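K.L.:
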Amino acid sequence: MANIPPKLQVSLRTMVLVGKTGTGKSSSGNTILGRKAFKSATSSISVTGECRKETGEVSGRKIIMVDTPGLFDTVLSEEELREELSKCINMTSPGPHAIILTIELGPFTREDLQTVEKIRAVFGKEADKYTIILFTHGDHLTGGMGIDGYVKRRANDELRQVIQQCGRRYHVFDNTKMNDRLQVVDFLDKVEEMVVRNGGECYTNSVYKDVEKRLREKEEELRKHHKQNLEDQKLKLESKFREEKRKLENLKVSGEEKERKK
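Following this note's numbering, the numbering of the sequence shown begins with 2 at its first residue and continues without gaps.
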């Protein structure tokens with residue numbers, strides 16, 4: 002496990018799953034959490050209709066896991082993508098410690114590359130140092146070949162470039178073996194090494210900052226609205242109190258006048 006400085010020994014890590022539909026995002030989230038928290042299916046049709054957050058504890062680590070829908074499929078415009086992504090951001094506020102990019106073992110196609118490029122366009126290049134590639138369908142590795150051998154012998158130039166952009170951080174999951182916790186522990190160790198290298202900071206960019214700003218403004222607006230309501234209620238109560246006091250004083254004066262007339 003990574004040698005973690007005391008100041009970085011926090012008990013909570015926030016992670017976001019991104020990638021092309023059908024690469025096993027949801028299944029990978031389930032494998033990490035050790036339970037079927039997210040709907041999953043081996044299909045090019047997105048099962049995850051909206052961002053969903055699940056929490057769990059793995060090997061003493063508390064984890065917040067956010068599964069994104071098919072946000073990065075090429076059918077979405079960048080504007081639509083940003084709008085949908087903004088809905089997910091408040092789930093990871095102030096930002097994730099790790100962006101998990103799922104890529105299925107097999108030929109790395111032009112569509113795969115376009116998806117990765119769209120992810121980088123939205124998150125920004127600064128997200129590279131917070132990103133770890135998670136290869137899925139590890140059961141396809143045969144003949145004793147490990148993931149390092151696969152990358153060395155099978156990865157094309159485009160995939161090698163993506164791996165390089167992500168600091169050569171990658172891991173492989175066999176999601177058919179959810180009970181194989183060693184693959185999860187090893188993956189989380191790699192995530193922790195990345196977190197340490199980043200000084201324990203969360204990823205944030207202009208998208209996150211803009212949404213954070215809007216959230217703070219909304220909270221301030223609600224606070225002011227609540228304060229104004231309290232002020233209005235206070236004024237109404239004070240007015241009612243003065244009116245009741247005036248009525249009592251009038252009754253008192255009226256009673257005194259009657260006493261004098263007797």
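Cβ coordinates follow ideal geometry from the N, Cα and C atoms, glycine included.
All of these numbers come straight from a predicted model, not from anything done at the bench.
For Ile120, tell me which candidate among Leu18, Glu221 and Leu183 has the shortest Cα-Cα distance.
P.N.:
One-based indexing of the sequence shown puts residue 120 at position 119. Cα-wise, what sits closest to Ile120 is Leu18.
K.L.:
From Arg62, Thr69 and Ile64, pick the residue whose C-alpha is nearest to that of Ser41; which is it?
P.N.:
Locating residue 41 in the sequence shown gives position 40, where the first residue counts as 1. Per the Cα distances, Thr69.
K.L.:
How long is the line joining the alpha carbons of Glu55 and Pro97, rounded to whole angstroms?
P.N.:
Here the question's residue 55 lines up with position 54 in the sequence shown. Here the question's residue 97 lines up with position 96 in the sequence shown. So the two alpha carbons sit approximately 14 Å from each other.
K.L.:
In whole angstroms, what separates the C-alpha of Ile133 from that of Thr103?
P.N.:
Walking along the sequence shown from the start, residue 133 turns up at place 132. Walking along the sequence shown from the start, residue 103 turns up at place 102. Roughly 9 Å separates the two Cα atoms.
K.L.:
Kindly indicate if chain B contains any beta-carbon less than 8 Å away from that of Phe73.
P.N.:
Although the question refers to chain B, the structure presented lacks it and comprises just one protein chain.
K.L.:
Within a Cβ cutoff of 6 Å, which residues of the same chain sit near Val173, ignoring the five residues on either side of it in sequence?
P.N.:
Locating residue 173 in the sequence shown gives position 172, counting from the first residue. Hits under 6 Å: Phe136, Gly139 and Ile148.
K.L.:
How would you call Phe242, buried or exposed, if buried means at least 16 neighbouring beta carbons within 10 angstroms?
P.N.:
Here the question's residue 242 lines up with position 241 in the sequence shown. Exposed.
K.L.:
By the three-class DSSP mapping on this structure, what secondary structure does Ala122 have?
P.N.:
Translated into the one-based positions of the sequence shown, residue 122 becomes position 121. Here Ala122 sits in helix by DSSP.
K.L.:
Where do the ends of the alpha helix (DSSP H) carrying Met195 lie?
P.N.:
One-based indexing of the sequence shown puts residue 195 at position 194. Segment Arg182 to Arg198, the alpha helix (DSSP H) holding Met195.
K.L.:
What do you reckon, are the CB atoms on Lys225 and Gly168 nearer than 8 Å?
P.N.:
By 1-based counting over the sequence shown, the position of residue 225 is 224. By 1-based counting over the sequence shown, the position of residue 168 is 167. Taking 8 Å as the Cβ cut-off, Lys225 and Gly168 do not qualify as a contacting pair.
K.L.:
Whole angstroms are fine: how far does the CA of Leu142 sit from the CA of Cys52?
P.N.:
Here the question's residue 52 lines up with position 51 in the sequence shown. Here the question's residue 142 lines up with position 141 in the sequence shown. Distance between the alpha carbons of Cys52 and Leu142 is about 31 Å.
K.L.:
Could you check if Val186 is buried or exposed, using at least 16 other CB atoms within 10 Å of its CB as the buried criterion?
P.N.:
Along the sequence shown, read from residue 1 onward, the residue named residue 186 stands at position 185. Its Cβ having fewer than 16 others within 10 Å, Val186 is exposed.
K.L.:
From which residue to which residue does the beta strand (DSSP E) around Glu265 run?
P.N.:
Past the boundaries of the shown model lies residue 265; the chain is included only from 2 to 263, so the question cannot be answered.
K.L.:
Kindly give me the distance between the Cβ atoms of Asn176 and Ser60, rounded to whole angstroms, as I take these residues to be in contact under 8 Å.
P.N.:
Along the sequence shown, read from residue 1 onward, the residue named residue 176 stands at position 175. Along the sequence shown, read from residue 1 onward, the residue named residue 60 stands at position 59. Rounded, the Cβ-Cβ distance is 18 Å, inconsistent with contact.
K.L.:
Flag this pair as yes or no: are the beta carbons of Arg14 and Ala99 separated by less than 8 Å?
P.N.:
The sequence position of residue 14 within the sequence shown is 13, counting from 1. The sequence position of residue 99 within the sequence shown is 98, counting from 1. Closer than 8 Å, so yes.
K.L.:
Taking C-beta to C-beta, are Met195 and Arg170 nearer than 8 Å?
P.N.:
As a working mapping, residue 195 is identified with position 194 in the sequence shown. As a working mapping, residue 170 is identified with position 169 in the sequence shown. Contact flag set, yes.
K.L.:
Determine which residues share a DSSP beta bridge with Thr22 and list them.
P.N.:
One-based indexing of the sequence shown puts residue 22 at position 21. According to DSSP, which records beta bridges pairwise, Thr22 is partnered with nothing at all.
K.L.:
Can you tell me whether DSSP reads Lys235 as helix, strand or coil?
P.N.:
Residue numbering aside, residue 235 sits at position 234 when the sequence shown is read from its first letter. In the structure shown, Lys235 sits in a helix (DSSP, three-state: H, G or I).
K.L.:
Tell me the rounded alpha-carbon separation between Asp113 and Lys228.
P.N.:
Walking along the sequence shown from the start, residue 113 turns up at place 112. Walking along the sequence shown from the start, residue 228 turns up at place 227. Rounded to whole angstroms, Asp113 to Lys228 spans 51 Å at the Cα level.
K.L.:
So, with DSSP's three-state summary, where would you put His138?
P.N.:
Residue mapping note: residue 138 aligns to position 137 of the sequence shown, counting from 1. Looking at His138 - three-state DSSP - the assignment turns out to be coil, as it is neither helix nor strand.
K.L.:
Quick check on the DSSP output: the beta strand (DSSP E) that includes Glu58 runs from which residue to which?
P.N.:
Position 57 of the sequence shown, counted from the first residue, corresponds to residue 58. Arg53 to Val59 is the span of the beta strand (DSSP E), which, as asked, contains Glu58.
K.L.:
Measure the alpha-carbon distance for Ile64 versus Asn230 and round it to whole angstroms.
P.N.:
Reading the sequence shown from its first residue, position 63 is the one you call residue 64. Reading the sequence shown from its first residue, position 229 is the one you call residue 230. Roughly 39 Å separates the two Cα atoms.
K.L.:
Can you tell me whether Thr122 is buried or exposed, with buried defined as 16 or more other CB within 10 angstroms of its CB?
P.N.:
Reading the sequence shown from its first residue, position 121 is the one you call residue 122. Per the sequence presented here, residue 122 reads as Ala, with Thr not at that position. With fewer than 16 other Cβ atoms within 10 Å, it is exposed.
K.L.:
Compare the C-alpha of Lys26 against each of Glu202, Leu238 and Glu105 and name the closest.
P.N.:
Residue 26 sits at position 25 when you count from the first residue of the sequence shown. It is Glu105.
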